[in-house]
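A.B. asks: Every number in the numbering used here is 1 more than the matching position in the sequence shown, counting from 1.
Built from N, CA and C at the ideal position, the CB exists for glycine as well.
What follows is a structure written as structure tokens; I'll ask about it next.
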Amino acid sequence: MLLIGALLVFAFFNNGRSYFILELHGMDDLEISNIIVEGPDFTTGFYMTAQVKKEMSVFKINVDSPINEGTATITINIENSSPLVLSNMPFKNGKTIYISLSGGNLNYVKAHW
Numbered sequence: 002m003l004l005i006g007a008l009l010v011f012a013f014f015n016n017g018r019s020y021f022i023l024e025l026h027g028m029d030d031l032e033i034s035n036i037i038v039e040g041p042d043f044t045t046g047f048y049m050t051a052q053v054k055k056e057m058s059v060f061k062i063n064v065d066s067p068i069n070e071g072t073a074t075i076t077i078n079i080e081n082s083s084p085l086v087l088s089n090m091p092f093k094n095g096k097t098i099y100i101s102l103s104g105g106n107l108n109y110v111k112a113h114w
């Protein structure tokens, strides 16, 4: 009975949200080959196949994170070009992080948490 109570408390506080959403804007014309997100306790990579590119109208990616909030580095590798890198990007599980491309640089758009 104690175990069931502990699991219910964990489920209530965890709320099933051990990820944040990374939404990329202004990158429709880029030939993205992969995206790497590195946090303090995780590294996640996403490969962009032709099929994925065709089916995505918006670049929206769920990034699993074992910690609730912190900072991460995002690296976007582009075919035949230098990678785009954004360091110290704040994140919080359950929230959406907006990244835009402007003037050849990645920019973090501050969200209202």
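List the DSSP bridge partners of N35.
C.D. replies: Y48, N78
A.B. asks: Can you name, in chain order, every residue of its own chain whose Cβ lies under 6 angstroms from the Cβ of T74, other than the five neighbours on each side?
C.D. replies: E39, S88
A.B. asks: Given a cut-off of 8 angstroms, decide if I77 and I33 are closer than it, judged by their beta-carbon atoms.
C.D. replies: yes
A.B. asks: Can you tell me where the beta strand (DSSP E) holding M90 begins and where it ends?
C.D. replies: 85 to 93
A.B. asks: Nearest-angstrom Cα distance between G54 and F60?
C.D. replies: Sequence inspection shows Lys at residue 54; the Gly mentioned does not correspond to that position. About 9 angstroms.
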